[in-house]
Structures are given as C-alpha cells and as structure tokens.
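In our numbering, the protein residues as written are 365 to 829. Beta carbons: idealized from backbone N, C-alpha and C, even for Gly.
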Ligand code: 2HG
Ligand code: ZN
C-alpha cells in the first residue's frame, strides 16, 4: 500500500468502522502518531484511527484483510527500535481511547486493563489497592500496557521482579485475521496445550492487537534505599554485584559510565553523587531493612579496591535524585540521535562479553562518543553511539549499521541476544539471525501466516517482508 491518491479511498473505508472524528489525517497527527522515540525512519502513515471497543478493532482488522490495508498498533510510542513507526502509508491504530481499568479482583490480585492504560496509571491503581505493579522503567509515565506486552518490556527491576511476561495472567487479542481470542483468562494453572498468550507477548504487534490484559499485582514493596558506587574498572562490576548479592537481596543493580553521568548532569542541571569522578557507577536498590548488610557489603568492596567511593540515600527524596542520574540518561542523549544497542548475555557471560565489546568499541568507534549503561544485574547492556555533530543522521546510521555485525557476532559468540528489551522493530530486523536460527525464523514466519494470513499486521517489523 502506498500513499497518494489512495488516501481518500482509505479514509472512506475507515468511515465504515469509525465515526469521522476518530479517523485523522492531518499532517501533524500523522507525524505524531506515526512514529516512536526513534528518529531515523521516515514517518508516512495514511491515517490514524482511535478505536474505543474490541468490536471496532476486530471490524477494522477484517476490513484491512478485505481492502488490503496495513495496520500499525500504536501505544505510548516510547519504543526505541521503530516497532510502532508507519513508513509506508499504513493505518496507525492508537489505543489511547481504550485506556480504562475495567476491574480488579482482590482474591486473584488480577487487574483487567484496556491496552491503552499508561504504565504509571496501573502502578497508581495498584498502590490504591495496597498492592504493587512492579515492572518499571523511565518511560512509565507515557508507555502503555499494550506496548509493554508487545515488546515484553523489562526495565529497572528485572533482577527482582522479572519482565512484563511474568505479570500477564491473561490477554484478549484480535488476531491479524480479525478473530477475538481470550487467552488464559487470568488462570494460574491451565495445562491445556500451547499457551498462545505467550506468543503475543513480545510479538511486536505482528500477529494481532493486544486489546485487553489481565495483569497480576503483588504485595506493596517495603521501604527501600538506593546506593551509588564509583568504580574505576569495568571488569569489577560483577564482583561488586556478587559481593552485595552474597549479603542481601537487590531490587535493582544498574550501571552507567562517567560519560552517561556527565550527560545527565548537564541536561538536568544536577550535581554529582560524590565529588570524585569515577570511570563507572553502579546504582543499587534494596529494602531499607537490609541497610546494615548493604553497608557491610560496601565495606567489603571498598576493602577489595573495586569501589573508590559511594553514597547511600537517607530519604525517599534522595533515593529519587540518585535514580534520576540513571533514569535521565536516555532523554539527556536524545538530541545526539544515538544509535541504540540493547544487548543481552547470560549474567555469567557478562565479564567476557564486556571485554569483547570494549575491544570492538575501541577498534570501530575510536573517535565517537559511546555511552555505556544498562541493567547489568540481568545481563543487559545499553550501548548508545552518539552522532558526531557534523554527520547527517542518514550517514551516521549507515555507518553504525555497517559496524553492527561485528558487535552482533560477539553477541552470537556468547549465546546472547541483539535485543534484550527494546524489541527488534525496524532497527534490528536485518540482524535477527544473529540471535535466532534459520529454523526458528521459519517457524516464526509460519506462525505469522496462521494468525495474520494476509500480512496486515505491522508489516516489515521483526521479520523482513
Ligand atoms: C533504559 O534502560 C531504557 O533506560 C532505554 O531501556 C535505554 O536509551 C536506551 O538505550
Ligand atoms: Zn533499559
């Protein structure tokens, strides 16, 4: 499908499903809803629609099959791999009018959400019930549950609470063929064959739409404390993790480089956590009740020479300002159009993998700024290559794309993943075979053919056309 003279015809067809006010085609709406947080892909949808019911989503999908339309699901548009970008005249389907919490059962501790519920709204709702939705990330004020499910979003508490997948007790989906499926219905136990719910989690909207989700909640967490530690050698980071984990349970273990810290300090006009700069920083979160054990672990890592300095929060406000040093990184480098890497290996492979990456960065990016940070406690490294001021975005992305195979070869060698939590989208699509075998990719294509026989769902994402 291509833009141009077809647009009036597409709009006319969309009006058979939606009232005119929920079909939008103004340039500003197309530019906003047609993209995500990536800045390197063309944005060119033909229309944006705003369904309010599952029936409308199903009717739209049936229409798309009949009329040859292509559909791009759109949540909070905070994606970093182009999974929600519409570049070829697709119809964008925004879930922002399906943003209600539909019910909560205290015995099940399950909350039923429409796909457009914003993560932070779910977290606030959970807190009102005296409970918690523990999956959390810097974009939780904007990202939506449907998008989180579509990418199996992870974030900053994975070492304690797992990923989105671990909290989804049921899903209602509209398949690419327009069928409505109720998957698992919030059951804890259900040994009746293939669990199709899990196929839709992480499918990046290529199999159908997630329209509602049953989300599990858990106990409200006890008060917590945050520590930031300075390290001179990257090689010591996992030794520090092990030293703390031998004494207490951590709810987060994040890391960032001095370059990343410098960007946040400048962007948000913040002050350093402590006076003496270090090459790398670790941010740890743990229950306040474990404070003594954490201080003992701090003494251990200091004595071992792995950590040079550190600071611990004394109040929630201080904890929040330490977290800001880590959570502010993405926005503080956004203006430099970073080329994003979101790599994962098993935690045990992290030290050797980091050595490989260190060498590759020195070899291939000797003159460019490379911003290291991530959720190193679960094996996830974010490596952002920052665009030098004089280079065009296109030329920069082409150069990085050319270098990526070297990095991805190192990922493959360690049995890792080229996308830990951001998804494949358009950005990583051509590199999928570094993480998935040919046989796996063939099966993925076959699954897509069953659920989306005419290829109407999020074309070109995850799997090349
Ligand atoms: C984070 O961990 C997000 O803050 C974004 O996953 C990472 O900007 C990035 O590369
Ligand atoms: Zn992340």
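- Secondary structure of residue 383 (DSSP, three-state): coil.
- By the Cβ criterion, the segment 578 to 591 is not in contact with the segment 619 to 631, since fewer than three pairs of Cβ atoms, one from each stretch, lie closer than 8 Å.
- Secondary structure within the segment 540 to 584: the alpha helix (DSSP H) runs of 4 or more consecutive residues, fully enclosed, are 560 to 564 (chain order).
- Between residue 399 and residue 373, the C-beta spacing is not below 9 Å.
- Look at residue 704 here: in three-state DSSP terms it is strand.
- Nearest neighbour of residue 466 by Cα position, chosen from 485, 746, 671, 458, turns out to be 485.
- At least one heavy atom of the ligand ZN lies closer than 8 Å to the C-beta of residue 520.
- For residue 817, the Cβ stays outside the 8 Å cut-off from all heavy atoms of the ligand 2HG.
- Close CB contacts of residue 603 within its chain, under the 6 Å cut and outside five residues either way in sequence, are with 670 (chain order).
- Between residue 463 and residue 482 the beta-carbon gap is near 7 Å, inside 8 Å, which marks them as a contact.
- Check the Cα spacing between residue 562 and each of 540, 532, 576, 539: the tightest is with 532.
- Counting of Cβ neighbours within 10 angstroms places residue 807 among the exposed residues, the total staying below 16.
- Distances from the alpha-carbon of residue 534 to those of 527, 615, 549 put 549 closest.
- Counting only runs of 4+ residues, the alpha helix (DSSP H) found wholly inside the segment 476 to 517 occupies 483 to 492, 509 to 515, in chain order.
- Beyond the five residues adjoining it in sequence on each side, residue 431 comes within less than 6 Å, by CB distance, of 377 in the same chain, given in chain order.
- Annotation for residue 729: 749, 767 place their beta carbon closer than 8 Å to its own, counting only its chain and skipping 5 residues before and after.
- Taking residue 569 as reference, the option from 514, 608, 747, 460 with the minimal CA-CA separation is 514.
- Within the segment 393 to 459, the alpha helix (DSSP H) runs of at least 4 residues that lie entirely inside it are, in chain order, 418 to 431.
- With respect to the 9 Å criterion, residue 461 and residue 529 are not classified as neighbours on the basis of their beta carbons.
- Distance from the CA of residue 770 to the CA of residue 801, rounded to the nearest whole angstrom, comes to 18 Å.
- For residue 696, there is no enclosing beta strand (DSSP E); the residue is part of the alpha helix (DSSP H) that begins and ends at 693 to 697.
- Per DSSP, reduced to three states, the secondary structure at residue 388 is strand.
- One thing to note: residue 711 has its Cβ no nearer than 9 Å to the Cβ of residue 780.
- Under the three-pair Cβ rule at 8 Å, the segment 728 to 748 counts as touching the segment 697 to 706.
- For residue 663, the distance from the CB to the nearest heavy atom of the ligand ZN is not below 8 Å.
- Note on geometry: alpha-carbon atoms of residue 498 and residue 759 lie some 40 Å from one another.
- Its Cα nearest to that of residue 375, the residue 410 stands out among 717, 790, 410.
- For residue 702, the shortest C-beta to heavy atom distance toward the ligand 2HG is below 8 Å.
- Within 10 angstroms of the beta-carbon of residue 756 lie fewer than 16 other beta-carbons, which makes it exposed.
- The ligand 2HG has a heavy atom closer than 8 Å to the beta-carbon of residue 706.
- In this structure, residue 576 sits near residue 477, with a CB-CB distance shorter than 9 Å.
- Residue 445 counts as buried, since at least 16 other C-beta atoms from the protein chains shown sit within 10 angstroms of its C-beta.
- Note that the C-beta distance between residue 616 and residue 524 is below 9 Å.
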